[in-house]
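S.K.: The structure's right below; bear with me while I get my questions together.
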Amino acid sequence: MTAPKLLILGNSHTAASRVALRDDPERWPGFCPDVFAMPGETLADLDLQDGALHPPNAEIAQKMRFYNQTDRFSLTGYDAFVLIGGLSVNAVSALQDRHRSVDFPSVAAGQDCCLVSSGLIDALIADRIEASPALRILRKLAGLSARPVLFIDQVLPSSDCRDDPQRFAGYVAMVARGDGMAFRDRYLRVLHRVLGGDAIHLPQPAQTIADGVFSAPEWMRGSVRMNPRRDVLHEVAEHGHANAAYGALQVDQILRAL
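The opening residue of the sequence shown carries number 0 in numbering that gives the first Met the number 0; numbering runs sequentially from there.
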């Protein structure tokens, strides 16, 4: 079987699979996908013209050249696309900091909140997903061709994030209230509905999940930044990016899906 010509694209969360492919090519003989990565939300800001990605301004053009050595990237000739990143349950979960419906476990337990309908919560989640960088680029890919598009959202925060008093405070508080698993299930249900036929969602591998709502730390520690020229480790307190061992599971998952 000939390996598919695949493009992996996304944000800093592409680094895990990129490093895994580079460091252990024998694990996937003949499989050499291209990787196109842009920092933050800038991937979704790129214009799609004549089957190629173009930067809309000089600042993004500079970033495109730094991370990809080009200021025009053609999307033609690929058998499939994989988008990694641009959406996370952690970011979406901020919607329920105060507003919850009766089907939240914390509400059933009598905890205080601003009570709203279940339908409104679902609509807010769907709106947040639709507005995400991930969905903005997925819609462009879906309109490009009939080739399959796979989507991998950002990894769950490491369970070590419970020691982070700022960045993940809201997520940790949600879990402490007892709403973590219920909200994640809800997010996934709404995500699949929003994606429709535009992309196939690949869920986080079960063996990497701790307590249903976190990533086990061994899959997160030692993650690298998206710097294409040399490996730069994230700081120890970075709890949102996966390492190359996790990236290898992602590549396995992608090949199974294809």
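Cβ atoms here follow ideal geometry from the backbone N, Cα and C, with glycine treated the same way.
Roughly how many angstroms lie between the CA atoms of LEU140 and LEU232, to the nearest whole one?
M.R.: Answer to the nearest angstrom: the Cα atoms are 31 Å apart.
S.K.: So, under 8 Å CB-CB, ALA43 and ILE136 are touching, yes? Tell me the CB distance rounded to an integer number of Å.
M.R.: At roughly 5 Å, the Cβ-Cβ gap stays under 8 Å, so ALA43 and ILE136 are in contact.
S.K.: Provide the residue(s) that pair with ILE208 in DSSP beta bridges, ordered along the chain.
M.R.: Looking at the DSSP assignment, ILE208 forms a beta bridge with SER214.
S.K.: Check ALA161 in the structure and name its three-state DSSP category.
M.R.: For clarity, residue 161 is Arg in the given sequence; the question names Ala instead. If DSSP states are grouped into helix, strand and coil, ARG161 belongs with the helices.
S.K.: Can you check DSSP and say which residues form a bridge with LEU47?
M.R.: Answer by DSSP bridge pairing, in chain order: LEU52.
S.K.: State the DSSP-derived secondary structure class of ASP102, mapped to helix, strand or coil.
M.R.: It is coil, neither helix nor strand.
S.K.: Does the distance from the C-beta atom of ASP102 to that of SER117 stay below 8 Å?
M.R.: Taking 8 Å as the Cβ cut-off, ASP102 and SER117 qualify as a contacting pair.
S.K.: Just to confirm, is the Cβ distance from PRO55 to ASP46 under 8 Å?
M.R.: Against a cut-off of 8 Å, the Cβ pair of ASP46 and PRO55 comes out as a contact.
S.K.: When you compare the segment 172 to 179 with the segment 222 to 237, are there three or more beta-carbon pairs, one atom per stretch, that lie closer than 8 Å?
M.R.: Segments in contact, no.
S.K.: If you measure between the beta carbons of PHE182 and SER100, is that distance less than 8 Å?
M.R.: Contact flag unset, no.
S.K.: Helix, strand or coil, according to DSSP, for CYS74 in the structure here?
M.R.: The amino acid occupying residue 74 in the given sequence is Leu; Cys does not appear at that position. Reduced to three states, the DSSP call for LEU74 is coil.
S.K.: Please say whether ARG146 and TYR66 have beta carbons closer to each other than 8 Å?
M.R.: Not a contact, by the Cβ cut-off of 8 Å.
S.K.: Which residue wins for smallest C-alpha separation from ALA215, given the options HIS191, VAL223, ILE199, ASN242?
M.R.: When only C-alpha atoms are compared, the closest one is ASN242.
S.K.: Within the segment 6 to 50, note down every full alpha helix (DSSP H) run reaching 4 residues or more, in order along the chain.
M.R.: 14 to 22, 41 to 44, all fully within the segment 6 to 50.
S.K.: Between which two residues does the alpha helix (DSSP H) carrying VAL174 extend?
M.R.: Run containing VAL174: 168 to 176, per the alpha helix (DSSP H) assignment.
S.K.: Roughly how many angstroms separate the alpha carbons of ILE208 and TRP218, rounded to a whole number?
M.R.: The straight-line gap from Cα to Cα measures roughly 9 Å.
S.K.: Excluding the 5 residues preceding and the 5 following LEU5 in the sequence, name in chain order all residues of the same chain whose CB lies nearer than 7 Å to its CB.
M.R.: Answer for LEU5: PRO32, TYR77, ASP78, ALA79, VAL81, listed in chain order.
S.K.: From which residue to which residue does the beta strand (DSSP E) around VAL148 run?
M.R.: Segment 148 to 151, the beta strand (DSSP E) holding VAL148.
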